[in-house]
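Peer 1:
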Amino acid sequence: MKDKRPELNKGTVKRLLKIITEKYKKHLILVFVCLVISSVVSVSAPLFSKKIIDDYIVPLLGTENPVFDGLRNLVLIMCGIFLLGIIATFIYNRLMVVIAQGTLKKIRDTMFAKMQKLPIKYFDTVPHGDVMSYYTNDTDTLEQMISQSMPQLVSSILSLIAVTISMFALSWQLTLFIFLFVAIMLRVTMSITKRSGSYFIGQQETLGKVNGYIEEMINGQKVVKVFNYEDRAKDNFDKLNENLFDNMVNANKFANILMPILNNLGNIEYVLVAIIGAFLAISGKVPSLTIGTIASFLALTRSFNQPIKNVSSQANTVVMAIAGATRIFKLIDEEPEVDDGYVTLVNAKIDEKGNITETEERTEKWAWKYPHHDGRLEYIELKGHIEMENVDFGYEPDKEILHNISLYAKPGQKIAFVGATGAGKTTITNLINRFYDVEDGKIRYDGININKIKKEDLRRSLGLVLQDTNLFTGTIKENIKYGKLDATDEEVINAAKIANAHEFISMLPNGYDTMLTQNGSQLSQGQRQLLAIARCAINDPPVMILDEATSSIDTRTEKLVQEGMDKLMNGRTVFVIAHRLSTVRNAKAIMVLEHGNIIERGTHEQLLEEKGQYYQLYTGAFELE
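Laid out in structure tokens, this is it:
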């Protein structure tokens, strides 16, 4: 059975060249001119050697009082030409650094900008280490190709043209013989490159998988230790690493045998040219073959073989770079998050009669700006009324997670979701955020179908606190400001006080200017969670979603958080997902979910009276998983 190895995307090269030439067209023209000069200079050395031997050295050998003026002038001319070649080489090397780094900067910028537009589904399905590999391994191969391989390939082609013309000018007979060997060398190169190329592509893909697995194991190192998973983790890594090893060995096995083969073919060619050239010169069959001509031709033979070797040695680098570029373009070509919303969030002034006026001034009131299809413009006060009507959803087309979900939440109400893991609690909140779109049914926000609201404005009106807190490198103040980038220091402190985080922040050596690194590892889990709640509080959202927000907090800290949350929930719509049923006792409505269905709903007291699933969970007959 044949190995099924990935193939190169033929359009990748054309697309990559377009990116390079868009900004650096003038630079490339100057590089090309410098390469032409460099190639001509490299060919001129053997031609000068012919003139030196035939016109100066041989005649001077039989002269009693040789005059070296002509030879000296020719040597000075050669030095001037070689100096020009050095300058041209210096210029194009400097330019290629600018072109390579500039192109990679543009590609990285494009990748990162595209990542900001990708849906959550992409990051839920693609290993993060594989994404990181786009920015490291794949861009490194591109850098090597643009800065080294591309100029070498162009220089080699120009050198081949110049050398071929020069060789024909010296002896067309020997040139035809050279072409015979060139055909053999090209055949060998193509055969070996074809074999190694697909392995280089596989190498880039398996390298991404290895990086993804390493990142996963580093992030979960504590879990690995606790559950004694070290041996299994090592076995899994060995399998991935073995696959990478096989691809790299096969790729480099063929690549490394190429140059020795070409070198030996070149040596055989050199010897045969010397023998044939000497025979033709001595026999007199080709009168134009002088000692200088043969010496120059032998030098040109080396010059002719070198570009072929350069092309061959760079072939696999180019293949690997194109494989990396194909992976990068795959990321860039991913479908962005679709946003067809047209209802936006605006600052508003609302009078006593409820009349709404849009304003550019910063106010505490917000309104939905709803442009109807008939041209009518309507302003709807942002209150936080959420309604779900007969919602069905599945992450995969053939696997439905939620079935006919209907609920409503009015401003000031606290709605709690309880149920076993996988019941669909977090999925409901993902739909409210429009991280995913419903398959059937409707979700309305203040009476507006959320599909009509621009995602940026929808999410700006929502506060989200997750079980896993993400803090970024920066100060505590900057991390809280993630919730509202233009917030004042007073607003930051007020948000921290609401979340009951102000006390512990004030006790830190640098207070709100304390630098956080590695996801805030210098803070306790509870402190990190308090900062996440403060980040949510600073934006003063009308709707809040707390997804296991207190699950990682101790009882004392939970009490502090609950006090802060009670202040924050006043007048707001709050959705709570909690395993601790004690945290949802005061909810206006508790939804009990099982296998994507709401099987019970009501207040804490009502559900206890029904003595159903909630009752059994609360009394300990069942436990949440």
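Residue numbers for the sequence shown follow our numbering, beginning at 547 and rising by one. Using N, Cα and C, we set each Cβ at its ideal position, and we do this for glycine too.
1) With distances taken Cα to Cα, identify the nearest neighbour of Leu-664 among Ser-737, Asp-879, Phe-963 and Thr-872.
2) Three Cβ pairs or more, each shorter than 8 Å: is that satisfied between the segment 866-873 and the segment 557-575?
3) Assuming Met-713 is part of the alpha helix (DSSP H), what are its boundary residues?
4) If you run the structure through DSSP and keep just helix, strand and coil, what is Ser-693?
5) Please state whether DSSP places Lys-1134 in a helix, a strand or coil.
6) Quick one: what's got a C-beta closer than 8 Å to Thr-656's C-beta in the same chain, skipping five residues either side?
7) How many angstroms separate the CA atom of Lys-998 from the CA atom of Ala-1047?
8) In the structure shown, what three-state DSSP assignment does Met-1053 receive?
9) Determine, using beta carbons only, whether Met-1137 and Arg-1147 come nearer to each other than 8 Å.
10) Out of Leu-1076, Ile-902, Gly-616 and Ile-598, which one is the CA nearest neighbour of Ala-913?
11) Compute the Euclidean distance between the alpha carbons of Thr-1060 and Ser-1128, then round it to the nearest angstrom.
12) Once you ignore the five residues that flank Val-519 on each side, which residues in its own chain have a CB closer than 8 Å to its CB?
13) Should Asn-683 go down as buried or exposed, given a rule of 16 or more other Cβ atoms within 10 Å for buried?
14) Alpha carbon to alpha carbon, how far is Asp-549 from Asn-793?
15) From which residue to which residue does the beta strand (DSSP E) around Ser-952 run?
16) Tell me whether Ser-693 counts as near the ligand PLP, meaning its Cβ is closer than 7 Å to at least one heavy atom of that ligand.
17) So for Pro-806, helix, strand or coil by DSSP?
18) Ignore the nearest five residues each way along the sequence and tell me which others in Ile-1026's own chain have a CB closer than 7 Å to its CB.
19) Measure the C-alpha to C-alpha separation of Thr-687 and Met-866 and round it to an integer number of angstroms.
20) Do the CB positions of Leu-1092 and Ile-1123 come within less than 8 Å of each other?
21) Under three-state DSSP, which class holds Lys-1105?
22) In whole angstroms, what separates the C-alpha of Asn-856 from that of Leu-732?
23) Starting from Ala-962, trace the beta strand (DSSP E) in both directions and tell me its first and last residue.
24) Assuming Val-589 and Val-709 make a contact with CB atoms under 8 Å, what is their CB distance in whole Å?
25) When you compare each of Gln-1162, Lys-988, Lys-1001 and Gly-1117 to Asp-959 by their alpha carbons, which one comes out closest?
26) Three or more beta-carbon pairs under 8 Å between the segment 917-926 and the segment 1060-1076, yes or no?
27) Measuring CB to CB, does Leu-1010 end up less than 8 Å from Asn-1065?
28) Count the other C-beta atoms from every protein chain shown that fall within 10 angstroms of the C-beta of Asp-1112, then say buried if there are 16 or more, exposed otherwise.
29) Are the beta-carbon atoms belonging to Leu-629 and Phe-727 less than 8 Å from one another?
30) Going straight from the alpha carbon of Leu-1153 to that of Thr-1119, what length do you get?
31) When DSSP labels each residue in this structure, what does Leu-1031 get in the three-state scheme?
32) Between the alpha carbons of Ile-603 and Arg-618, how many angstroms are there, rounded?
33) With a threshold of 7 Å on Cβ separation, who are the neighbours of Val-756 within its own chain once the five nearest residues in sequence on each side are excluded?
34) Find the nearest neighbour of Ile-598 within the set Gly-1020, Val-795 and Ala-841, judged by alpha-carbon distance.
Peer 2: Reading from the atomic positions:
1) Asp-879
2) yes
3) Unbroken alpha helix (DSSP H) run through Met-713: 696-716.
4) helix
5) coil
6) Ile-878
7) 37 Å
8) coil
9) yes
10) Among Leu-1076, Ile-902, Gly-616 and Ile-598, the Cα nearest to that of Ala-913 is on Ile-902.
11) So the two alpha carbons sit approximately 34 Å from each other.
12) Any answer about residue 519 is impossible in this case: the structure gives the chain only from 547 up to 1171.
13) buried
14) Below a pLDDT of 50, predicted positions are generally treated as unreliable, and Asp-549, at 43, falls in that range; the measurement from the model is reported next regardless. Rounded to the nearest angstrom, the two C-alpha atoms are 12 Å apart.
15) Per DSSP, Ser-952 is one residue of the beta strand (DSSP E) stretching across 948-955.
16) This structure lacks the ligand PLP; in fact it carries no ligand of any kind.
17) helix
18) Val-1038, Ala-1041, Ala-1042, Leu-1077, Ala-1080, Arg-1081 and Ile-1084
19) 7 Å
20) yes
21) helix
22) 12 Å
23) Counting along the chain, the beta strand (DSSP E) containing Ala-962 begins and ends at 960-965.
24) 6 Å
25) It should be noted that the sequence gives Gln, not Asp, for residue 959. Comparing Cα positions, the closest option is Gly-1117.
26) Under the three-pair Cβ rule at 8 Å, the segment 917-926 does not count as touching the segment 1060-1076.
27) no
28) exposed
29) no
30) Just so you know, the alpha carbons of Leu-1153 and Thr-1119 end up roughly 21 Å apart.
31) Here Leu-1031 sits in coil by DSSP.
32) 12 Å
33) Leu-786, Asn-787 and Leu-790
34) Ala-841
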